[in-house]
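Here is the structure we will look at.
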Amino acid sequence: MSNQKSSTLATSTITRDVRQLDETTGNLYESLVVIAKRANQISSNIKEELQGKLSEFATSTDNLEEIFENREQIEISKHYERMPKPTLIAIDEFLNGKVYYRNPSKEQA
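Okay, here's the thing in C-alpha coordinates:
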(Lines of atoms letter the chains of each structure in order from A; the text may use other names.)
(Lines give C-alpha, C1' and ligand atoms only; values in the text may rest on other atoms or scores of the structure.)
Protein backbone atom coordinates (compact mmCIF):
# COMPACT_ATOMS: atom_id res chain seq x y z
CA MET A 136 0.00 0.00 0.00
CA SER A 137 1.41 3.34 -0.96
CA ASN A 138 0.78 6.44 1.11
CA GLN A 139 0.65 8.56 -2.06
CA LYS A 140 -2.20 6.46 -3.46
CA SER A 141 -3.97 6.51 -0.11
CA SER A 142 -3.87 10.30 -0.01
CA THR A 143 -5.87 10.52 -3.26
CA LEU A 144 -8.76 8.47 -1.88
CA ALA A 145 -11.76 9.95 -0.10
CA THR A 146 -11.36 9.89 3.66
CA SER A 147 -15.05 9.35 4.32
CA THR A 148 -17.66 6.96 3.06
CA ILE A 149 -19.14 7.70 -0.35
CA THR A 150 -22.21 6.34 -2.11
CA ARG A 151 -21.39 3.43 -4.39
CA ASP A 152 -23.26 1.69 -7.18
CA VAL A 153 -23.47 -1.90 -5.92
CA ARG A 154 -23.74 -3.14 -9.51
CA GLN A 155 -20.08 -2.20 -9.97
CA LEU A 156 -19.09 -4.45 -7.08
CA ASP A 157 -20.41 -7.67 -8.59
CA GLU A 158 -19.03 -7.17 -12.11
CA THR A 159 -15.76 -8.97 -11.32
CA THR A 160 -17.10 -11.94 -9.38
CA GLY A 161 -20.68 -12.15 -10.63
CA ASN A 162 -21.87 -12.18 -7.04
CA LEU A 163 -22.23 -9.14 -4.77
CA TYR A 164 -21.72 -11.14 -1.57
CA GLU A 165 -18.56 -12.80 -2.88
CA SER A 166 -17.22 -9.37 -3.82
CA LEU A 167 -17.99 -8.07 -0.34
CA VAL A 168 -16.13 -11.00 1.24
CA VAL A 169 -13.08 -10.29 -0.95
CA ILE A 170 -13.20 -6.60 -0.05
CA ALA A 171 -13.63 -7.36 3.67
CA LYS A 172 -10.70 -9.76 3.72
CA ARG A 173 -8.50 -7.24 1.88
CA ALA A 174 -9.58 -4.49 4.30
CA ASN A 175 -8.54 -6.71 7.21
CA GLN A 176 -5.12 -7.25 5.60
CA ILE A 177 -4.67 -3.51 5.07
CA SER A 178 -5.80 -2.74 8.62
CA SER A 179 -3.37 -5.28 10.03
CA ASN A 180 -0.49 -3.85 7.97
CA ILE A 181 -1.28 -0.28 9.04
CA LYS A 182 -1.54 -1.33 12.68
CA GLU A 183 1.85 -3.09 12.55
CA GLU A 184 3.43 -0.09 10.84
CA LEU A 185 1.99 2.35 13.39
CA GLN A 186 3.00 0.21 16.35
CA GLY A 187 6.52 -0.05 14.93
CA LYS A 188 6.83 3.71 14.63
CA LEU A 189 5.32 4.39 18.05
CA SER A 190 7.46 1.73 19.75
CA GLU A 191 10.51 3.88 18.97
CA PHE A 192 9.17 6.35 21.54
CA ALA A 193 8.45 3.81 24.25
CA THR A 194 10.73 3.83 27.25
CA SER A 195 10.47 2.00 30.51
CA THR A 196 10.50 5.28 32.44
CA ASP A 197 7.65 7.09 30.66
CA ASN A 198 5.68 9.30 32.93
CA LEU A 199 2.38 10.96 32.11
CA GLU A 200 3.95 14.33 31.26
CA GLU A 201 6.40 12.81 28.74
CA ILE A 202 3.59 11.00 26.95
CA PHE A 203 1.58 14.19 26.41
CA GLU A 204 4.60 16.31 25.43
CA ASN A 205 5.96 14.12 22.64
CA ARG A 206 5.05 16.16 19.54
CA GLU A 207 6.57 13.77 17.00
CA GLN A 208 4.52 10.88 18.37
CA ILE A 209 1.37 13.01 18.20
CA GLU A 210 2.11 13.95 14.57
CA ILE A 211 2.59 10.30 13.61
CA SER A 212 -0.73 9.41 15.23
CA LYS A 213 -2.50 12.29 13.47
CA HIS A 214 -1.07 11.18 10.13
CA TYR A 215 -2.56 7.70 10.58
CA GLU A 216 -5.90 9.15 11.70
CA ARG A 217 -6.11 11.24 8.50
CA MET A 218 -5.45 8.26 6.24
CA PRO A 219 -8.39 6.72 4.37
CA LYS A 220 -10.00 3.83 6.19
CA PRO A 221 -8.87 0.31 5.18
CA THR A 222 -12.33 -0.45 3.75
CA LEU A 223 -12.13 2.53 1.38
CA ILE A 224 -8.67 1.45 0.22
CA ALA A 225 -9.85 -2.14 -0.29
CA ILE A 226 -12.89 -1.04 -2.32
CA ASP A 227 -10.70 1.14 -4.53
CA GLU A 228 -8.21 -1.68 -5.07
CA PHE A 229 -11.02 -4.14 -5.86
CA LEU A 230 -12.74 -1.84 -8.35
CA ASN A 231 -9.42 -1.13 -10.09
CA GLY A 232 -8.48 -4.82 -10.38
CA LYS A 233 -5.59 -4.62 -7.91
CA VAL A 234 -6.78 -7.42 -5.61
CA TYR A 235 -5.83 -11.02 -6.33
CA TYR A 236 -8.37 -13.52 -5.07
CA ARG A 237 -9.59 -16.98 -5.88
CA ASN A 238 -12.56 -19.07 -4.93
CA PRO A 239 -11.55 -22.74 -4.48
CA SER A 240 -15.17 -23.93 -4.64
CA LYS A 241 -15.52 -22.45 -8.14
CA GLU A 242 -12.22 -23.97 -9.25
CA GLN A 243 -13.36 -27.51 -8.35
CA ALA A 244 -16.42 -27.32 -10.58
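Under the numbering used here, think of the first position of the sequence shown as 136, with each following residue one higher. Positions of the beta carbon are idealized from the N, C-alpha and C atoms, including for glycine. In this text, all values refer to a predicted model and were calculated from it rather than measured experimentally.
Assuming residue i and residue j are in contact, meaning their beta carbons sit under 8 Å apart, how far apart are those beta carbons, in whole angstroms?
| i | j | result |
| --- | --- | --- |
| T222 | A174 | 5 Å |
| S166 | L156 | 4 Å |
| I224 | I177 | 5 Å |
| V234 | E242 | Actually they are not in contact, since the Cβ atoms of V234 and E242 sit about 17 Å apart, beyond 8 Å. |
Do residue i and residue j have their CB atoms nearer than 9 Å?
| i | j | result |
| --- | --- | --- |
| I226 | I181 | no |
| I211 | L189 | yes |
| N238 | T159 | no |
Straight-line CA distance for residue i to residue j?
| i | j | result |
| --- | --- | --- |
| T179 | P219 | What sits at residue 179 in the sequence shown is Ser, not Thr. The alpha-carbon atoms of S179 and P219 are separated by roughly 14 Å. |
| Q186 | R206 | 16 Å |
| R154 | L163 | 8 Å |
| Q208 | E191 | 9 Å |
| G232 | H214 | 27 Å |
| D152 | E216 | 27 Å |
Can a CB atom of chain C be found closer than 9 Å to the CB of residue i?
| i | result |
| --- | --- |
| Q243 | Of the protein chains in this structure there is only one, and it is not chain C. |
Return the chain-ordered ranges of every beta strand (DSSP E) run that is complete within the segment 144 to 188 and spans a minimum of 3 residues. none
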